[in-house]
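Right, one structure below, let's go through it.
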Amino acid sequence: MTAIWDLLLEPWSLPFMRRAFLIGITCGVLCGVIGSFIVLRGMAFIGEAVAHSVFPGVAVSYALGADLILGGAVAGVATTIVIAAFSQNRRLKEDTVIGVFFTCAFGLGIVIVSTQSGYTGDLASFLFGQILAVSDTDVVTVAIASAVVVAVALALRKELVAVSLDRETAAAAGLPVFRLDLALYVMVTAAIVFSLQAIGNILVLGMLITPAAAARLFTDRLGTMIAAASGIGATGALVGLYFSYLLDLAAGGLIVVVLTLFFVAAYLLAPRHGLVLKRLRAARA
Numbered sequence: 042m043t044a045i046w047d048l049l050l051e052p053w054s055l056p057f058m059r060r061a062f063l064i065g066i067t068c069g070v071l072c073g074v075i076g077s078f079i080v081l082r083g084m085a086f087i088g089e090a091v092a093h094s095v096f097p098g099v100a101v102s103y104a105l106g107a108d109l110i111l112g113g114a115v116a117g118v119a120t121t122i123v124i125a126a127f128s129q130n131r132r133l134k135e136d137t138v139i140g141v142f143f144t145c146a147f148g149l150g151i152v153i154v155s156t157q158s159g160y161t162g163d164l165a166s167f168l169f170g171q172i173l174a175v176s177d178t179d180v181v182t183v184a185i186a187s188a189v190v191v192a193v194a195l196a197l198r199k200e201l202v203a204v205s206l207d208r209e210t211a212a213a214a215g216l217p218v219f220r221l222d223l224a225l226y227v228m229v230t231a232a233i234v235f236s237l238q239a240i241g242n243i244l245v246l247g248m249l250i251t252p253a254a255a256a257r258l259f260t261d262r263l264g265t266m267i268a269a270a271s272g273i274g275a276t277g278a279l280v281g282l283y284f285s286y287l288l289d290l291a292a293g294g295l296i297v298v299v300l301t302l303f304f305v306a307a308y309l310l311a312p313r314h315g316l317v318l319k320r321l322r323a324a325r326a
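Counting from 42, one number per residue, gives the positions in the sequence shown under our numbering.
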């Protein structure tokens with residue numbers, strides 16, 4: 042028993058692992074909250090779109106030697122504003138507009154990067170994550186910013202749900218649909234940008250969608266879903282980092298793998314919607 046406790050506590054004795062645990066848990070909670078609204082709205086594509094749309098900002102920052110995360114945030118917010126504006130035309134479905142502009146943004150990023158003579162570790166860390174290299178400042182910044190985003194999301198939860206369920210009815214009731222769309226898109230951008238250091242641009246959609254998708258199988262209540270998704274996201278980050286430390290494997294990839302295992306378990310074993318229990322109830326009927 043002592044050996045097990047020593048093994049569990051060992052990573053916490055290392056400063057870089059403590060920082061990784063803290064930022065991983067923070068991003069897990071943030072993505073769980075924001076991801077719940079995305080899954081409820083049926084717009085998982087927006088996560089992939091924003092993850093790609095930050096690329097031109099990163100490419101410009103890379104070319105100028107500036108901060109990659111800041112550049113990505115600016116590009117992501119700019120793209121989401123454009124998407125939100127064009128999505129107000131109900132002749133076009135939301136995912137159609139998203140597909141047009143996120144591919145354009147990603148293509149622009151490729152063009153900008155192609156003008157550079159080589160790549161650096163900074164760009165690689167943006168693509169694949171570098172959670173073990175975060176600083177104390179990064180942890181504090183992400184924690185404060187995440188708290189603000191979560192607070193805004195929870196304050197607007199009723200309005201966001203109303204728009205998600207029926208946009209026309211929400212507009213007829215006087216809700217500012219465009220501003221609510223914009224607020225959600227910006228919060229998605231924030232969640233993705235803050236999570237880039239944890240698991241990178243390529244895998245960030247897994248952290249944003251998978252915990253919420255798993256939580257959706259357990260409950261129909263938004264509040265319970267948000268709490269469950271946050272718990273799954275934080276636990277997945279914690280477990281993934283432990284395995285990364287013990288097995289000396291990529292942290293970001295393991296976090297997403299662990300979250301996917303949680304989703305598969307929920308798909309099979311959730312009390313009301315799990316496949317196994319549904320089959321058992323059907324067999325008894």
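Here a beta-carbon is modelled for each residue, glycine too, at the ideal position from N, C-alpha and C.
Between I296 and G73, is the Cβ-Cβ spacing less than 8 Å?
What you label residue 296 is simply residue 255 of the sequence shown in a count that begins at 1. What you label residue 73 is simply residue 32 of the sequence shown in a count that begins at 1. It is not a contact, given that the beta carbons lie outside the stated cut-off.
Measure the C-alpha to C-alpha separation of V191 and A184 and round it to an integer number of angstroms.
On the sequence shown, position 150 is the one that residue 191 refers to. On the sequence shown, position 143 is the one that residue 184 refers to. So the alpha carbons of these two residues sit roughly 10 Å apart.
Mapping the DSSP letters down to three states, classify K199 as helix, strand or coil.
For the purposes of this step, residue 199 is taken as the residue at position 158 of the sequence shown. Residue state, collapsed to three classes: helix.
So is I66 buried or exposed if we call it buried at 16+ other beta carbons inside 10 Å?
Within the sequence shown, residue 66 is the residue found at index 25, counting from 1. By the neighbour-count rule (16 or more Cβ atoms within 10 Å), I66 is buried.
Leaving aside the five residues before and after V80 along the sequence, list all residues of the same chain whose C-beta is less than 6 Å from its C-beta, in chain order.
Residue mapping note: residue 80 aligns to position 39 of the sequence shown, counting from 1. The answer, listed in chain order, is A253, A254 and R257.
Length of the line joining the Cα atoms of L225 and T43:
The count along the sequence shown starts at 1 and reaches residue 225 at position 184. The count along the sequence shown starts at 1 and reaches residue 43 at position 2. One C-alpha to the other measures close to 47 Å.
8 Å contact criterion, which D136 and F62 should meet: CB distance rounded
For this step, residue 136 is matched to residue 95 along the sequence shown. For this step, residue 62 is matched to residue 21 along the sequence shown. Contact doesn't hold; Cβ gap of about 35 Å is too wide.
Enumerate, from N- to C-terminal direction, the unbroken beta strand (DSSP E) stretches of 3 or more residues contained entirely within the region 167-240.
The region 167-240 contains no whole beta strand (DSSP E) run of 3 or more residues.
May I ask you to verify whether the region 118-125 touches the region 87-98, counting CB pairs closer than 8 Å and requiring at least 3?
yes
How about the region 100-108 and the region 231-238: do they share at least three Cβ pairs that are nearer than 8 Å?
no
Starting from R60, trace the alpha helix (DSSP H) in both directions and tell me its first and last residue.
Start at 1 with the first residue of the sequence shown, and residue 60 comes out as number 19. Its alpha helix (DSSP H) spans residues P56 to R82.
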